[in-house]
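Novice: In the numbering used here, the protein residues as written are 64 to 417.
For glycine and all other residues, C-beta sits at the position ideal for the given N, C-alpha and C.
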Ligand code: PMP
């Protein structure tokens with residue numbers, strides 16, 4: 064830290080992203096990317112748009128917001144595009160939390176939430192998950208603050224149904240509920256259709272996972288026109304051209320080729336089912352994940368050790384050195400071949416242990 068770094072941030076612990084190794088090729092099952100390339104239309108749109116890189120992108124992202132509005136049957140004013148959903152989550156912490164309105168989220172969830180609270184200097188409270196890593200939304204009903212709910216949750220993959228979330232919305236009409244649906248396309252229920260009915264609901268989604276665009280950085284928020292206007296105030300106060308030309312064009316093309324992405328999501332769900340079953344046969348406990356990853360632990364080997372041994376064998380998974388989940392690894396679901404390689408190496412590692 065330099066001696067010039069503002070005192071405001073001296074105790075800030077930044078987010079640690081998953082490894083993105085550049086030196087060696089791994090089977091990469093550590094950052095929940097899609098194993099499938101973008102669709103042909105997306106690649107063509109990027110190439111075409113690259114011809115106009117000398118011009119700023121449309122700060123209003125009109126073409127993309129119109130396409131989102133048509134796709135989800137809402138109004139363009141109910142959408143805001145972001146530089147990844149991370150940017151929009153940051154805006155939501157900035158917009159809807161302060162000294163009098165803390166952020167509320169589970170103690171085990173997306174690791175960026177406490178960082179956003181920290182960088183925006185807003186208080187937060189972590190609500191403990193149950194012993195089995197499930198989250199009881201009832202615990203939130205009597206608490207004051209803005210709730211951030213990853214659904215499915217990360218890294219557990221456990222999902223809440225629409226009715227339960229709707230009950231929470233109704234029980235707290237004066238507080239905003241932010242539902243982070245980064246992984247919703249892999250078998251969970253989206254609450255996006257509810258944004259016209261509840262003016263306290265903000266839904267945030269990403270093109271990084273089910274739409275194979277992690278490297279393009281595109282997310283969007285959907286909510287009432289008023290909530291979206293608040294986020295826009297912050298966007299225009301930080302970075303009006305937050306979504307670059309190629310990414311915005313890629314987003315429009317991806318929505319057009321939805322059938323391709325839906326088929327890929329189905330394949331990932333099948334591979335998830337196959338991998339979970341095989342891991343259970345090897346003695347693992349695996350959560351009932353509705354995301355493109357599994358969260359698994361085995362009494363025969365610690366999470367950190369399994370992570371290291373898999374890495375030695377060319378497979379990257381994610382391990383979190385956090386109190387309640389230290390025994391677990393999070394495994395992104397890849398192609399069938401990648402999952403077979405993971406299972407083979409895992410079985411060999413367990414064999415070595417005994
Ligand atoms: N929310 C959750 C729960 C995530 O796991 C991620 C991916 N790290 C994000 C949001 C951010 O995704 P992106 O910024 O790539 O849209």
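Say the cut is 8 Å; is the CB of residue 391 nearer than that to a heavy atom of the ligand PMP?
Specialist: Because no heavy atom of the ligand PMP lies under 8 Å away, the Cβ of residue 391 does not count as near it: no.
Novice: Do you know offhand how far residue 230's Cα is from residue 374's?
Specialist: Roughly 43 Å between the two C-alpha positions.
Novice: Keeping to the same chain, check which residues put their C-beta closer than 6 Å to that of residue 94; ignore five residues upstream and five downstream.
Specialist: Counting only Cβ-Cβ distances below 6 Å, and skipping sequence neighbours, we find 81.
Novice: Does the ligand PMP have even one heavy atom less than 8 Å from the beta-carbon of residue 150?
Specialist: Checking every heavy atom of the ligand PMP against the Cβ of residue 150, one is found closer than 8 Å.
Novice: Tell me which same chain residues have a C-beta within less than 6 Å of the C-beta of residue 176, skipping the five on either side of it?
Specialist: Here the set comprises 168, 211.
Novice: Alpha carbon to alpha carbon, how far is residue 73 from residue 419? Give it in angstroms, no decimals.
Specialist: Only positions 64 to 417 of the chain appear in the structure, and residue 419 is not among them; the question remains open.
Novice: Suppose the cutoff is 6 Å on Cβ atoms and the five residues either side in sequence are ignored; what does the same chain contact list for residue 262 look like?
Specialist: Around residue 262: 287.
Novice: In angstroms with no decimal places, state the Cα-to-Cα distance between residue 195 and residue 215.
Specialist: So the alpha carbons of these two residues sit roughly 15 Å apart.
Novice: What distance in whole Å lies between the Cβ atoms of residue 402 and residue 334, which are believed to be in contact at a cut-off of 8 Å?
Specialist: Contact flag correct, Cβ pair sits at about 5 Å.
Novice: Under 9 Å, Cβ to Cβ, is there at least one residue of chain D near residue 298?
Specialist: No chain D appears in the structure shown, which is made up of a single protein chain.
Novice: Quick check: residue 343 and residue 218, are their CB atoms within less than 9 Å of each other?
Specialist: Cβ atoms of residue 343 and residue 218: not closer than 9 Å.
Novice: Just checking, does the segment 253-269 make contact with the segment 309-318 on the three C-beta pairs under 8 Å criterion?
Specialist: Touching, no.
Novice: Which of helix, strand or coil does DSSP assign to residue 103?
Specialist: DSSP places residue 103 in helix when its eight states are reduced to three.
Novice: For residue 183, which option in 133, 158, 197, 392 has the closest C-alpha, if you only look at C-alpha atoms?
Specialist: The residue with the shortest Cα to Cα distance from residue 183 is 158.
Novice: With 16 other CB atoms within 10 Å as the buried threshold, where does residue 283 fall?
Specialist: So residue 283 counts as buried.
Novice: Based on the DSSP secondary-structure assignment, which residues constitute the bridge partners of residue 442?
Specialist: In the structure as shown, the chain starts at 64 and stops at 417, and residue 442 therefore has no counterpart that could be examined.
Novice: Any idea what DSSP makes of residue 392, helix, strand or coil?
Specialist: Note: residue 392 maps to strand in three-state DSSP.
Novice: So if DSSP puts residue 204 in a beta bridge, which residue, or which two residues, is it bridged to?
Specialist: DSSP output for residue 204 lists no bridge partner at all.
Novice: Within a Cβ cutoff of 7 Å, which residues of the same chain sit near residue 140, ignoring the five residues on either side of it in sequence?
Specialist: Only 288, 291 meet the Cβ criterion.
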